[in-house]
Amino acid sequence: MFCTLSTRLLNICIASFCKARQLQKAEAVIIDGIRLGVLPDVVTYNTLVDAYCRFVGIDAAYSVLHRMREAGISPDVITYNSLIAAATRKCLITRSLEFFNEMFQMGIPPDVWSYNILMHCFFKSGQPEEAYGVFLDIINLSNLSPSPATFNIMINGLCKNGCTHGALKLFRYLQSLGFVPHIVTYNVLINGLCKSGWLGKAMEILEELRESGNMPNAVTYTTIMKCCFRSRSFRSRNGSRNYERGLEIFSEMKSKGYTFDAFAYCTVVGALVRRGRIEEASDYMKQMMRKGIALDIVSYNTLINLYCREGNLEATYKLLDEMEERGLECDKYTHTILIDGLCKAGNIEAACRHLEYMNMMGSGSNLVAINCVIDGLCKAGEIDKAMKMFKTIKLKDSFTYSSMVLNLCRAGRFHTASKLLLSCLRGGMGILRSARKAVLDGLRSSGFTGEARKLKSKIRLAQILRY
DNA sequence: ATAGGGTTAG
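Mapping of the first sequence onto mature numbering (1 follows the signal peptide of the UniProt record, and there is no 0): residues -20 to -1, 1 to 447, in sequence order.
Below you can see the structure in the form of structure tokens.
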């Protein structure tokens, strides 16, 4: 009895050190405890494994399992679930599966949590069929039954993998079985509908959420607000109305006390900056900081984007220093925003250098940043350099092509533009309508009417073959 | 111990 109580205290102590990221101290407490006759148990080690997963790395966490066994304690399902979750966070599906199988071989039966996380991992790595297989296992295996999280992961995963229709169907099916959706389920579905551009349907589900007796929360509002800002072209009357509706939602959020974190602020500031409403954006950012909301990586990125649009590179660099002092690492957004900012400020050399630096750091290729530089080079009159870069990249997207095609047209090089336009469409990608129009108009106005006609039918054919 | 919202380019 005494021992159990002490172990419980030990575990509380370990948990608080782990939470404070002081893993060395946590380890030291375990050793001191053993010396005093207080033995660690599986909870002690599970806490440690989870902390290593979060703050150090999966390998370090896994090595705790050896020490655990040496101490005569067997890992359990929670130990393995922590490892699977860590692999999922990093999108390492192979690793995740390895842990899952190892657990099986050790005679530890996976529970619904293990299956849920594994399913999530498959969705995150773009394998919806495999994820669906896991879902069927959960439904069919007699020792398992789905939890609410199972359905949320499923609906979210379907949306994120381009199957919003399926997600909506599943949602309705579950309702018909008497399943009462939780606020998270509603939010997941609303977000999926918004991302697919189905603002109307999203609003419908929002209404159902209200009728179900749930209250929309900060997540719901932020999701809808972002969708309003993004919806349609801002040239259309509808788009403009939605944009204003977005701003109204933000005011509503403020009055309801839903602007307690950086999410809503970053959404509205991002939208305002995109529209060139710099002063309003700046005001909101100041408001957020005055409220004492701590800046996280996304807030810094939003702020850097704002400063770049103001042309204030000095303030940008100051912020980057501040981030470094705080131990916050730049992510791909920071780099992209910076590279684009440098291009827009006319310092294309610095932008290229930063792009090289990024590649050198091995942070993976960043197509958005490359697209910014290509466009920047064109705008700086270096269209041949841009073409050279364009040819070196293996994976191009609709942005790469649209931008290159538009800039070639601006330079009067309609034949090259026409070739690129076709390879874009034949690659199964869409292209900006204005880019297509620029090529056709350009060919016609420079006397190549026949070429234009031929191109038009080739475009039609390429589009037919897509389906 | 798993699930939801924010920041980038034409």
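Ideal placement from N, C-alpha and C gives every residue a C-beta, glycine not left out.
Please read all numbers here as calculations on a predicted model, not as lab measurements.
Delimiting residues of the alpha helix (DSSP H) encompassing residue i
{"i": "E362", "result": "It is not in any alpha helix (DSSP H) - E362 carries neither H nor E in the DSSP assignment."}
{"i": "H395", "result": "394 to 406"}
{"i": "L62", "result": "The residue asked about is misnamed: residue 62 is Ser in this sequence, not Leu. 57 to 69 is the span of the alpha helix (DSSP H), which, as asked, contains S62."}
{"i": "C207", "result": "198 to 210"}
{"i": "C143", "result": "From DSSP, C143 is part of no alpha helix (DSSP H); its letter is neither H nor E."}
{"i": "T316", "result": "312 to 324"}
{"i": "A157", "result": "First, the residue type needs correcting, since residue 157 is Leu and not Ala in the sequence shown. No alpha helix (DSSP H) holds L157; DSSP gives it neither H nor E."}
{"i": "H162", "result": "Segment: none, H162 is in no alpha helix (DSSP H) and carries neither H nor E."}
{"i": "L28", "result": "22 to 35"}
{"i": "S383", "result": "378 to 390"}
{"i": "I53", "result": "Per DSSP, I53 belongs to no alpha helix (DSSP H) and is neither H nor E."}
{"i": "R257", "result": "Premise fails: R257 is in no alpha helix (DSSP H) and is neither H nor E."}
{"i": "N281", "result": "277 to 290"}
{"i": "Y112", "result": "108 to 120"}
{"i": "N339", "result": "328 to 340"}
{"i": "residue 448", "result": "Because the chain in this structure spans residues -20 to 447, residue 448 falls outside the shown range and cannot be described."}
{"i": "D12", "result": "3 to 15"}
{"i": "A295", "result": "293 to 305"}
{"i": "W93", "result": "92 to 104"}
{"i": "I273", "result": "Premise fails: I273 is in no alpha helix (DSSP H) and is neither H nor E."}
{"i": "L186", "result": "179 to 191"}
Neighbour-count burial assignment, residue i, 16 or more Cβ in a 10 Å radius
{"i": "N123", "result": "exposed"}
{"i": "K271", "result": "exposed"}
{"i": "K206", "result": "buried"}
{"i": "L441", "result": "exposed"}
{"i": "I(-7)", "result": "buried"}
{"i": "T202", "result": "buried"}
{"i": "M340", "result": "exposed"}
{"i": "L420", "result": "buried"}
{"i": "P55", "result": "buried"}
{"i": "C101", "result": "buried"}
{"i": "N387", "result": "buried"}
{"i": "P89", "result": "exposed"}
{"i": "M48", "result": "buried"}
{"i": "Q407", "result": "According to the sequence provided, residue 407 is Gly. The question's Gln does not apply to it. Its Cβ having fewer than 16 others within 10 Å, G407 is exposed."}
{"i": "V114", "result": "buried"}
{"i": "L16", "result": "exposed"}
{"i": "S76", "result": "buried"}
{"i": "I358", "result": "The residue you asked about is not Ile; residue 358 is Cys in the sequence shown. Its Cβ being crowded by 16 or more others within 10 Å, C358 is buried."}
{"i": "R446", "result": "exposed"}
{"i": "N61", "result": "buried"}
{"i": "I(-9)", "result": "exposed"}
{"i": "S125", "result": "exposed"}
{"i": "D301", "result": "exposed"}
{"i": "V253", "result": "buried"}
{"i": "D39", "result": "exposed"}
{"i": "L121", "result": "exposed"}
Sequence-distant residues of its chain with Cβ nearer than 7 Å to residue i (five each side left out)
{"i": "L154", "result": "F131"}
{"i": "C(-3)", "result": "A6, T27, L28, A31"}
{"i": "V348", "result": "T316"}
Sequence-distant residues of its chain with Cβ nearer than 6 Å to residue i (five each side left out)
{"i": "residue 449", "result": "The structure shown does not extend to residue 449, since the chain is modelled only from -20 through 447, so no value can be given for it."}
{"i": "A198", "result": "Y238"}
{"i": "K434", "result": "none"}
{"i": "A422", "result": "It should be pointed out that residue 422 corresponds to Gly in this sequence rather than to Ala. The answer, listed in chain order, is C389, F394."}
{"i": "V385", "result": "A397, L400, L401, A415"}
{"i": "E329", "result": "none"}
{"i": "G137", "result": "F103, A111"}
{"i": "M268", "result": "Y245"}
{"i": "P108", "result": "N141"}
{"i": "K436", "result": "none"}
{"i": "A360", "result": "I328"}
8 Å CB neighbourhood of residue i in its chain, flanking five on each side removed
{"i": "N351", "result": "D377, F379, T380, S383"}
{"i": "L(-11)", "result": "V9, I10, G13, V18, P20, T24"}
{"i": "I439", "result": "L401, L402, L405, R416"}
{"i": "C208", "result": "L179, N222, Y223, R225, G226, I229"}
{"i": "I273", "result": "F240, D241, A242, Y245, S279"}
{"i": "M265", "result": "Y245, V249, T282, L283, L286"}
{"i": "L3", "result": "F(-4), L28, A31, Y32, F35, V36"}
{"i": "E290", "result": "I258, S262"}
{"i": "Q443", "result": "L405"}
Give a yes or no on contact between the stretch 26 to 35 and the stretch 60 to 68, applying the rule of three or more CB pairs nearer than 8 Å. yes
Looking at C-beta atoms only, is the number of pairs between the stretch 131 to 145 and the stretch 155 to 174 that lie closer than 8 Å three or more? yes
Please confirm if the stretch 333 to 352 is in contact with the stretch 293 to 300, defined as three or more CB-CB distances below 8 Å between the two stretches. no
So, does the stretch 277 to 284 touch the stretch 303 to 321, judging by three or more C-beta pairs under 8 Å? yes
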